[in-house]
Amino acid sequence: MYKYETHLHTREASACASASGAEQARRYKELGYDGIFVTDHFFNGNTCIREYTDWADRVHQFCAGYRNAKEEGDRIGLKVFFGFEYCHDGADLLVYGTDEQWLIDTPDVMEINVYDFCDKIHAMGGFIVHAHPFREAGYLREIKLLPMWVDAVEAHNCGNAAQVMNDRAMWFAEQFGLPVSAGTDNHHLSAERISGVMTEKPLMTPQDYIDAVKERRVELIIV
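Numbers 74 to 296, taken from the numbering used here, label the letters of the sequence shown in order.
What follows is the structure, given as structure tokens:
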């Protein structure tokens with residue numbers, strides 16, 4: 074089986090992360106993972122991209138963690154894929170299937186509402202996983218569910234403080250017939266519990282991951 078991290082942050086773009094993209098890549102390689110998705114907090118989340126000249130510059134800075142992880146991954150033999158975490162009033166959405174150029178070409182992405190955002194992602198073939206939908210934490214004011222707008226549910230997240238939050242996420246997915254995924258929500262090299270998914274075939278592109286989740290061909294790494 075092949076192992077992949079689906080939810081990971083870097084200090085280049087996420088204000089709450091302490092590990093660089095290259096450091097994350099090296100650690101996952103050491104742990105025997107075959108690939109990682111870099112999903113830094115987007116501009117409506119806990120981003121550290123504060124100063125920029127224009128939209129393209131802002132996006133370029135945001136993608137630095139991914140680029141650094143990808144460069145190191147190419148060097149050491151680890152697949153590195155792009156994603157990002159979009160925030161909407163308590164709902165954190167992991168987006169897969171886009172890239173830096175798509176973000177540059179879509180400057181209104183921060184001006185539209187979450188429903189139009191989801192429509193844009195789906196129109197370009199992207200995929201949305203609802204991250205830790207039942208997390209309870211000081212920075213979250215409410216639990217907001219969007220079952221008609223997401224494609225899958227992160228049913229196991231190591232960043233949740235209690236197992237019941239993951240149990241509720243699995244219940245949510247089952248109630249709406251949504252496929253599931255899992256991720257560490259890793260921000261630091263000190264993270265001890267490392268999750269993700271396993272697949273029988275290697276993932277060569279983000280679309281391979283999207284297809285595997287849609288077709289329920291991923292095995293969750295539960296730790």
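Ideal Cβ placement from N, Cα and C applies to all residues, glycine included.
Beta-carbon gap between residue i and residue j smaller than 8 angstroms
i, j, result
"residue 84", "residue 90", "yes"
"residue 87", "residue 205", "no"
"residue 278", "residue 267", "no"
"residue 161", "residue 187", "yes"
Residue i versus residue j - alpha carbon distance
i, j, result
"residue 215", "residue 148", "42 angstroms"
"residue 252", "residue 232", "20 angstroms"
"residue 120", "residue 114", "5 angstroms"
"residue 111", "residue 81", "5 angstroms"
"residue 144", "residue 150", "10 angstroms"
"residue 255", "residue 296", "10 angstroms"
"residue 196", "residue 176", "14 angstroms"
"residue 125", "residue 182", "17 angstroms"
Three-way DSSP call (helix, strand, coil) for residue i in this model
i, result
"residue 215", "coil"
"residue 267", "coil"
"residue 78", "strand"
"residue 169", "strand"
"residue 227", "strand"
"residue 152", "strand"
"residue 232", "coil"
Nonlocal neighbours in the same chain, by C-beta distance under 6 angstroms from residue i, ignoring five residues either side
i, result
"residue 171", "199"
"residue 224", "200 and 201"
Close Cβ partners of residue i (< 8 angstroms) along its chain, the five nearest in sequence each way excluded
i, result
"residue 273", "74, 75 and 290"
**Prompt:** Counting only runs that start and end within the stretch 89-127, where is the alpha helix (DSSP H) found for 4 or more residues in a row?
**Reply:** Along the stretch 89-127, the alpha helix (DSSP H) occurs as fully enclosed runs of 4 or more residues at 94-103, listed in sequence order.
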